[in-house]
Amino acid sequence: MKRGIFFDESNGKASVVKEKNYFLKKKLLKLIYKQKKLSVSSIKQELNISAPSVHKLLDGLVEERVLQELGIGDSVGGRRPNMYGYNPNSFYILVIEINYVSIRMGLMNPLDEFLSLPEEFFVDLEDSEEYGKQLFEKIKRFVTRSGIESYKVLGVGVSAPGLVDSRLGKSFDSLSFSKEGLAKWLQGYIGIPVFIENDSRIMALAEYNYGDALEMNNVLCVNFTERIGLGMILNGELYEGNSGLAGEFGHIQVKEDGKTCSCGKKGCLETVASEKVLLDNARKAWDNGGFSALRNMVSNINTITISSIIDAANSDDEKAIELIADVGKNIGIGLAVLLHLLNPKKIIIGGSIAGAGRFILDPIWQSINKCTINRIANDTEIITSNIKENVFLKGAYFLAMKNIFADTE
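So my numbering is basically just the index in the sequence shown, starting at one, shifted up by 14.
Have a look at this one:
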């Protein structure tokens, strides 16, 4: 029987290892995960246990090849200490990004590194068990091709669009085909813990652990995709709301007599600011003879993308700049409401529009300056995300790690 860090592989299914020092060992592993490397004296102080107990734990985990000695650290008075950290091959988290047109997957180790480049499978999102079975088959093939031993995969983190309650492991629109919830349904197939979260809150987790919101207390993360979502870090914690469904920023009404939204209401922010809106407006402008630089960048109307519109704006294409500005002004109207309610330290604009830089930020500020009390607006920084790739996969990784270590709080 092969043993993982927290799980034994038995009859193809994982079970919790029941041992006397289980929780102590897990606390140590969480501590080293957060700090990356630690000395015996630091561990002794953090866990409030004796030096012999620390050595016993470390020796066992080094023997199991979970941890490794990292050499000599800096002296803080006295002899320079031996440092310990994770063996990068000790375990992996399977990370999955589900979006409307594809599924992306990767494997990440405890050093926050990808085993290899993530893979993308182009599959249109569908709320059906057949889609779920496709997802499972792709997971199985992906892990098999990776060449790692399956017992080393400790858990799965999933980023998904739409209404998601991570506490129940359920999606209420895009992936609601199973009454027990996608997390439990998928866990039943693959035999290891599965954790699912809304993509906008996943983005906030990535920014808080890896990006420009690093350990900040009050940050809002706007997720610009086919829809408009919001991830909130409030008082240093990911805010999920009473029902786990907080952050539906795209459904703030900005036009009383506006278009009908996918939610059935009228005038939602998503009807005037989203990938779909920007692309639809760009195609209409193309048909009406608009654009200069963009016409040299794409072959026809069907090959226009958000990236090509941003590239055209950077090449001084007035129509591209105008279309991005229209989106930015509407986002700014919605953000003005949030500024008055939440008074955040920072707002991060993420998703596909993040590359637009000042072309999206300037019109956002234009609306905020019109609609917001100066004292509140001036105390908030608004930037575009600097995480250039794999933001949802990285966020899914932090989601899984947070849950795997949850019983050590």
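Cβ atoms here follow ideal geometry from the backbone N, Cα and C, with glycine treated the same way. The structure presented is a predicted model; accordingly, all values stated were derived computationally and were not measured.
field: Residues sharing a beta bridge with residue 238, DSSP
entry: The partner list for residue 238 (beta bridge, DSSP) reads 242 and 365.
message: Report the CB separation of residue 364 from residue 231 in whole angstroms; it is logged as a contact under 8 Å.
response: Taking the Cβ atoms as the reference, residue 364 lies roughly 19 Å from residue 231, outside the contact range of under 8 Å.
Euclidean distance between Cα positions of residue 119 and residue 208: Rounded to whole angstroms, the separation of the alpha carbons of residue 208 and residue 119 is 14 Å.
task: Determine, using beta-carbon pairs with one atom in the segment 349-358 and one in the segment 385-401, whether at least three such pairs fall under 8 Å.
output: The answer is yes - the segment 385-401 touches the segment 349-358, with three or more Cβ pairs under 8 Å.
field: Buried versus exposed, by CB contacts within 10 Å (16 or more), residue 32
entry: Reliability of the predicted coordinates at residue 32 is poor, the pLDDT of 45 falling under 50, and the value obtained from them is presented with this limitation in mind. Burial call: exposed.
Boundaries (first-last residue) of the beta strand (DSSP E) holding residue 119: Membership of residue 119 in the beta strand (DSSP E) is indicated by the continuous run 117-122.
query: Count the other CB atoms within 10 Å of the CB of residue 66; is the residue buried (16 or more) or exposed (fewer)?
result: Result: exposed.
query: By a C-beta neighbour count over all protein chains shown, 10 Å radius and 16 as the cutoff for buried, is residue 39 buried or exposed?
result: The residue in question, residue 39, is buried, as its Cβ has 16 or more Cβ neighbours within 10 Å.
message: One question on the structure: do residue 344 and residue 260 come within less than 8 Å of each other, judged by their Cβ atoms?
response: No, they are not a contact pair.
message: When you compare the segment 210-224 with the segment 152-164, are there three or more beta-carbon pairs, one atom per stretch, that lie closer than 8 Å?
response: Result no; under three Cβ-Cβ pairs closer than 8 Å.
field: Helix, strand or coil at residue 417 according to DSSP, with G and I counted as helix
entry: The answer is helix: DSSP assigns residue 417 an H, G or I state.
- prompt: Can the beta-carbon of residue 312 be found less than 8 Å from the beta-carbon of residue 318?
  reply: Yes. Within cutoff.
- prompt: Does the separation of the CB atoms of residue 245 and residue 182 fall below 8 Å?
  reply: 8 Å or more divides the Cβ of residue 245 from the Cβ of residue 182.
- prompt: Distance, Cα to Cα, residue 162 vs residue 402?
  reply: Computed Cα separation, rounded: 27 Å.
query: At which residues does the beta strand (DSSP E) containing residue 209 begin and terminate?
result: Residues 208-212.
task: In the DSSP assignment, find the unbroken beta strand (DSSP E) run with residue 80 in it and report its ends.
output: Here residue 80 belongs to no beta strand (DSSP E), and DSSP marks it neither H nor E.
6 Å Cβ shell around residue 285 - same chain, five flanking residues per side excluded: The answer, listed in chain order, is 272, 273 and 275.
Of the residues 68, 165, 171 and 72, the one placed nearest residue 111, counting alpha carbons only: Comparing Cα positions, the closest option is 171.
query: Taking Cβ positions, are residue 348 and residue 248 nearer each other than 8 Å?
result: Going by C-beta atoms, residue 348 is not nearer than 8 Å to residue 248.
query: Can you tell me whether DSSP reads residue 318 as helix, strand or coil?
result: Coil.
query: Using CA coordinates, which residue listed in 77, 101 and 105 is at the minimum distance from residue 418?
result: If you compare the alpha carbons of 77, 101 and 105 with that of residue 418, the shortest gap goes to 105.
- prompt: How would you label residue 125, buried or exposed, when you count the other beta carbons within 10 angstroms and need 16 or more for buried?
  reply: Its Cβ having fewer than 16 others within 10 Å, residue 125 is exposed.
- prompt: Is the CB-CB distance between residue 366 and residue 289 below 8 Å?
  reply: Yes.
task: Note down the Cα distance separating residue 43 from residue 223, rounded to an integer number of angstroms.
output: In this model, residue 43 and residue 223 are separated by some 18 Å (Cα to Cα).
Delimiting residues of the alpha helix (DSSP H) encompassing residue 158: Its alpha helix (DSSP H) spans residues 143-160.
query: Starting from residue 332 and walking both ways along the alpha helix (DSSP H), at which residues does that stretch end?
result: Its alpha helix (DSSP H) spans residues 332-356.
task: Give me the Cβ distance between residue 398 and residue 374, rounded to the nearest whole Å; I'm assuming they're in contact under 8 Å.
output: Contact holds; Cβ gap of about 7 Å.
message: I'd like to confirm the pairing. Which residues does DSSP put opposite residue 96 in its beta bridges?
response: Beta-bridge pairing links residue 96 to 86.
message: For the structure I just gave you, are there three or more beta carbon pairs, one from the segment 321-340 and one from the segment 301-308, closer than 8 Å?
response: Look at the beta carbons and you see the segment 321-340 touching the segment 301-308: at least three pairs across the two are nearer than 8 Å.
- request: Could you confirm whether any beta carbon from chain C is found closer than 8 Å to the beta carbon of residue 125?
  value: Annotation note: the requested chain C is absent from the structure, which comprises a single protein chain.
- prompt: Which value, in whole angstroms, describes the spacing of the CA atoms of residue 82 and residue 57?
  reply: When rounded, the separation of the alpha-carbon atoms in residue 82 and residue 57 is 15 Å.
message: Checking the sheet assignment: what are the DSSP bridge partners for residue 179?
response: Bridge partners of residue 179: 184.
message: Using a Cβ-Cβ cutoff of less than 7 Å, which residues in the same chain neighbour residue 99 once the five nearest sequence positions on both sides are dropped?
response: Only 46, 50, 51, 81, 82 and 84 meet the Cβ criterion.
task: Report buried or exposed for residue 158, applying the criterion of at least 16 other Cβ atoms within 10 angstroms of its Cβ.
output: Its Cβ having fewer than 16 others within 10 Å, residue 158 is exposed.
message: On the criterion of 16 or more Cβ atoms from any shown chain inside 10 Å, does residue 240 qualify as buried, or is it exposed?
response: Buried, because 16 or more other Cβ atoms sit within 10 Å of the Cβ of residue 240.
field: Inter-residue Cα distance where the pair is residue 133 and residue 55
entry: Their backbone Cα atoms lie some 42 Å apart in a straight line.
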